[in-house]
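Participant: In the numbering used here, the protein residues as written are 4 to 313.
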Amino acid sequence: MAPNHQFQQFLEAFPSSVRDCLQTIQQNRGMLAPEHCRAVMKSINISFEELMLRLLPLARLYSKTPISGFQVGAVAKARKSDPAGENALFLGANIEFPSQALTQTIHAEQSAVVNAWRQGPGKIETIAVTAAPCGYCRQFLYELDGSINLEVILHNQPSGKTSRHNLADFLPEAFGPRELGQAAGFMAASNRRTGLTLPPSSNDTLVQKALAAAGQSYAPYSQNHAGCAVMTANGNDYTGRYIENAAFNPSLSPLHTAIIQMTMDNFASDDEITRAVLVEKSTSISQRSICEQLLQTVVPGVNLEYYEAR
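(1) What number of angstroms, rounded off, separates the C-alpha of R167 from the C-alpha of E154?
(2) What does the Cβ neighbour count give for D273, buried or exposed, with the cut at 16 atoms within 10 Å?
(3) Nearest to V132 by alpha carbon, out of L183, G149, L92 and R121?
(4) Over what stretch of residues does the beta strand (DSSP E) that includes R167 continue unbroken?
(5) Below 8 Å on the Cβ atoms is my contact criterion, and I expect P69 with F143 to pass it. Report the Cβ-Cβ distance as a whole number of Å.
(6) State the beta-bridge partners of L35 as determined by DSSP.
(7) Within 10 Å of its beta-carbon, does S46 have 16 or more other beta-carbons around it, so buried, or fewer, so exposed?
(8) Would you check if the region 97-110 and the region 253-263 touch, i.e. whether three or more CB-CB distances between them fall below 8 Å?
(9) Extract the residue ranges of the beta strand (DSSP E) inside the region 65-140, only unbroken runs of 3 or more that lie entirely within it.
(10) Using DSSP's beta-bridge definition, name the partner residues of H228.
(11) Leaving out five residues on either side along the sequence, give the residues of the same chain with a beta carbon under 7 Å from the beta carbon of H158.
(12) Among all the DSSP beta bridges, which residues are the ones paired with D240?
(13) With distances taken between CB atoms, is the gap from A81 to E52 smaller than 8 Å?
(14) Measure the alpha-carbon distance for V78 versus A217 and round it to whole angstroms.
(15) Counting along the chain, where does the beta strand (DSSP E) carrying A312 start and finish?
(16) Please go through the same chain and pick out, in chain order, the residues whose beta-carbon is closer than 7 Å to the beta-carbon of T277, but skip the five residues on each side of it.
(17) Using CA atoms only, rank isn't needed, just tell me which of H110, N118 and P37 is closest to A87.
(18) Do you know how far the Cα of Q74 is from the Cα of L64?
(19) Can you check which of these residues, A232, E15, P223 and D207, is closest to A213 by C-alpha distance?
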């Protein structure tokens, strides 16, 4: 069944009075804005948690699982960083890449967190997911600032069983940013943009967008600030920022995060990448190789344009 048809079926499970609000999720890159959250909750008399659970089947529709066929959806509740400081909901899903090592897979929890980060919230408070987070995701979530208080809601759709946990329950004796001398974690208000520059000749718009993304990346352990920008056949462009993790392996390359943004914006679309740019500050590590490998899997024949920033 086509994803768009499935989306309409999902909407039909709700009263007609809230369908326009829910339709905005598709238009807003997998986000339900605070005012729409309020409207839906008030109209059908449900809580934030109940709304998150009701959105999980929709989140799963964004999955791309050509290897496992196992769709996972996640919904993150995050407080917006604007003066009102209201909560919005951000969807995410797992994305697999055939012909690549399984370690390239994007997990639903990672997708929801990146979706929230890209759209500007200050703090993730709760995440709901259709399956228990794997060890990889538990470590990824632990990188979040204030993760010790992060609530994880598990919802088994076939049985209807729901359970609530603190992230610390899933990751006892955890290793994270503090163990490596970091006072704050990922998405902390204290995270600052890094000033990076390129030679004046690199004034191409897509290159500049990749440079800006690199400056917003999170790389406290290696300082390998990196950003990626891609252009698609439909004329859209998307940026991704490198996300580092204290355990190293759960880190996400900037191309991975760009693909998350593209996926959440192109529900049921066949839009393809036609150009990709990577800008990074070279240190003891580099994002170039992993991005080149992934790009050749996603769009064979499109070469990665590489720029080294200072």
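Quick reminder that beta carbons are idealized off the backbone N, C-alpha and C, glycines included.
Facilitator: According to the structure data:
(1) Along the sequence shown, one-based indexing puts residue 167 at 164. Along the sequence shown, one-based indexing puts residue 154 at 151. Looking at the two C-alpha atoms, the distance is approximately 7 Å.
(2) Here residue 273 is taken as the residue at index 270 of the sequence shown, counted from 1. Its Cβ having fewer than 16 others within 10 Å, D273 is exposed.
(3) Numbered from 1 along the sequence shown, position 129 holds the residue referred to as residue 132. Closest by C-alpha distance to V132, out of L183, G149, L92 and R121, is L92.
(4) Within the sequence shown, numbered from 1, the residue matching residue 167 stands at position 164. R167 -> beta strand (DSSP E) spans K164 to N169.
(5) Residue mapping note: residue 69 aligns to position 66 of the sequence shown, counting from 1. Residue mapping note: residue 143 aligns to position 140 of the sequence shown, counting from 1. Actually they do not touch by this definition, with Cβ atoms about 22 Å apart.
(6) Translated into the one-based positions of the sequence shown, residue 35 becomes position 32. When beta bridges are read from the DSSP output, L35 appears opposite L92.
(7) As a first step, residue 46 must be located in the sequence shown, where it is residue number 43. Its Cβ having fewer than 16 others within 10 Å, S46 is exposed.
(8) With the cut-off at 8 Å, the region 253-263 and the region 97-110 touch.
(9) Scanning the region 65-140 from its first residue to its last, the whole beta strand (DSSP E) runs of 3-plus residues come out as 76-83, 90-96 and 124-132.
(10) Within the sequence shown, numbered from 1, the residue matching residue 228 stands at position 225. Residue pairing by DSSP leaves H228 without any beta bridge partner.
(11) Mapped onto the sequence shown, residue 158 falls at position 155. Closer than 7 Å at Cβ, skipping near neighbours: L56, L59, A131, T133 and T165.
(12) Reading the sequence shown from its first residue, position 237 is the one you call residue 240. Secondary-structure assignment with DSSP links D240 through a beta bridge to M234.
(13) Residue numbering aside, residue 81 sits at position 78 when the sequence shown is read from its first letter. Residue numbering aside, residue 52 sits at position 49 when the sequence shown is read from its first letter. Taking 8 Å as the Cβ cut-off, A81 and E52 do not qualify as a contacting pair.
(14) In the sequence shown, counting from the first residue as 1, residue 78 sits at position 75. In the sequence shown, counting from the first residue as 1, residue 217 sits at position 214. So the alpha carbons of these two residues sit roughly 26 Å apart.
(15) As a first step, residue 312 must be located in the sequence shown, where it is residue number 309. Under the DSSP assignment, A312 falls in the beta strand (DSSP E) whose first and last residues are L307 to A312.
(16) The sequence position of residue 277 within the sequence shown is 274, counting from 1. Excluding its 5 nearest sequence neighbours in each direction, T277 has C-beta neighbours in its own chain below 7 Å: M234, T235, A236 and V305, listed in chain order.
(17) Taking the sequence shown and counting its residues from 1, the one referred to as residue 87 is at position 84. Looking at the Cα atoms, P37 is the closest of the given residues.
(18) As a position in the sequence shown, residue 64 is number 61, starting the count at 1. As a position in the sequence shown, residue 74 is number 71, starting the count at 1. Between L64 and Q74, the C-alpha separation is close to 8 Å.
(19) As a position in the sequence shown, residue 213 is number 210, starting the count at 1. For A213, the nearest C-alpha among the options comes from A232.
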